[in-house]
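Residue numbers (our numbering): 1 to 360.
Below: one structure, written as structure tokens.
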């Protein structure tokens, strides 16, 4: 979701809505480029694509590597979904009340997170870190990272409202070239459980394949990120900009959204998952929703945080496997003044593995 991608935004009551430096910093976070002004100085054929650098320079293997590879997965996945959405037509939009129903959580609801009544996620995240540390990742079958997602799209007209399952597959090659394949299937009425409903390409409505050359500056970013939780936190905050991660709520938003987006672009190894969850265990702004069965029928543990933006408040939920500490998916709930929460977006992470294949 764009809310998770952009991170915590300034409070309009205390800061001007027009702030060139702040807006350029925001652009840098979206593109993963620490010098956004340079984008306008290159010839068109040299301009950067989202999440990448045109010069092909690999960042040094330090904590600051996070600045270059930041949010790439969310950027790319979001761009792919937006491209497909525009391709389907302007009447497609982010879902509102007609979208999927809320999941049922064991400890607290998104409403509880919104109200500040959800319990701390510290103990649960410590246990998830231990599960990740005990995980043995399978041997690499190749040097291409393959990520498979499932989400949904709402199409509305004056008389009907239909939810379409959307299947996104992505291949990240060693040189940073990214291939995406998106399939939108026929509308389904009930998304409370998606078991057996994920598009298999046999009845699709629309299909789109794109190859984005060298879109990722550092395909090996997970290998370069620190494994020490404190150093990892420092790297993430540096990527966002310290001023955007001040306070309990904003810091939680920076850290959780970074962890979520990392998994949407890369195959994240067990030791990095362990460091991420231990890092989050120390954040009071990260709250526990508890055990949940996700929409693919998998057992998970949900954590979440509250994020306030201009005119809206969001509760962003990340679901993690208690068995091995891997990410299962995320869901975003939006709240408008004096209205109940509505599920704005959901993303299931179905496959994350190394392969020799570079596309469909």
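All residues carry an ideal CB built from backbone N, CA and C; glycine is no exception.
Residue from the options with nearest C-alpha to residue i
i	options	result
residue 256	281, 270, 224, 106	281
residue 308	254, 227, 262	254
residue 356	241, 285, 141, 106	141
residue 135	237, 275, 339	275
residue 138	341, 270, 317	270
residue 353	128, 125, 123, 148	148
residue 319	337, 336, 300	300
residue 127	279, 216, 317	279
residue 337	324, 311, 151	311
Sequence-distant residues of its chain with Cβ nearer than 6 Å to residue i (five each side left out)
i	result
residue 287	113, 118, 121, 304
residue 109	none
residue 315	110, 113, 114, 304, 306, 333
residue 143	174
residue 298	328
residue 259	276
residue 105	289, 290, 292, 302
residue 146	171, 353, 355
residue 84	Per-residue confidence for residue 84 stands at a pLDDT of 33, beneath the threshold of 50, marking its modelled position as unreliable; no derived number is given.
residue 229	275, 278, 279
residue 211	179
residue 124	288, 301
residue 133	274
DSSP beta-bridge partners of residue i
i	result
residue 277	According to DSSP, residue 277 bridges with nothing at all.
residue 326	Partner(s): none; residue 326 has no beta bridge.
residue 145	172, 354
residue 316	305, 332
residue 299	293
residue 184	166, 206
residue 122	Answer is none; residue 122 lacks a bridge partner.
Same chain only: Cβ atoms within 7 Å of residue i, ignoring 5 sequence neighbours per side
i	result
residue 43	Annotation note: pLDDT 24 at residue 43 (below 50); position unreliable, coordinate value reported separately. No residues qualify anywhere along the chain.
residue 283	251, 252, 255
residue 233	255, 279
Proximal residues to residue i (C-beta, below 8 Å), its chain only, five neighbours per side dropped
i	result
residue 358	144, 171, 173, 177, 179
residue 107	118, 119, 288, 289, 290, 291
residue 360	169, 179, 181, 209
residue 341	102, 110, 111, 114, 315, 333, 334, 335
residue 20	Note on residue 20: pLDDT 45, under 50, position unreliable in the model; the coordinate value appears next. Closer than 8 Å at Cβ, skipping near neighbours: no residue.
Below 8 Å, can you find three or more Cβ-Cβ pairs linking the region 319 to 338 to the region 348 to 355?
yes
Taking contact to mean 3 or more Cβ pairs, one atom from each stretch, closer than 8 Å, check whether the region 291 to 298 and the region 238 to 255 are in contact.
no
Kindly confirm or deny that the region 216 to 225 and the region 266 to 273 touch, where touching means at least three C-beta pairs closer than 8 Å.
yes
Just to confirm the assignment: which complete alpha helix (DSSP H) runs, minimum length 4, are found wholly within the region 229 to 261?
229 to 240
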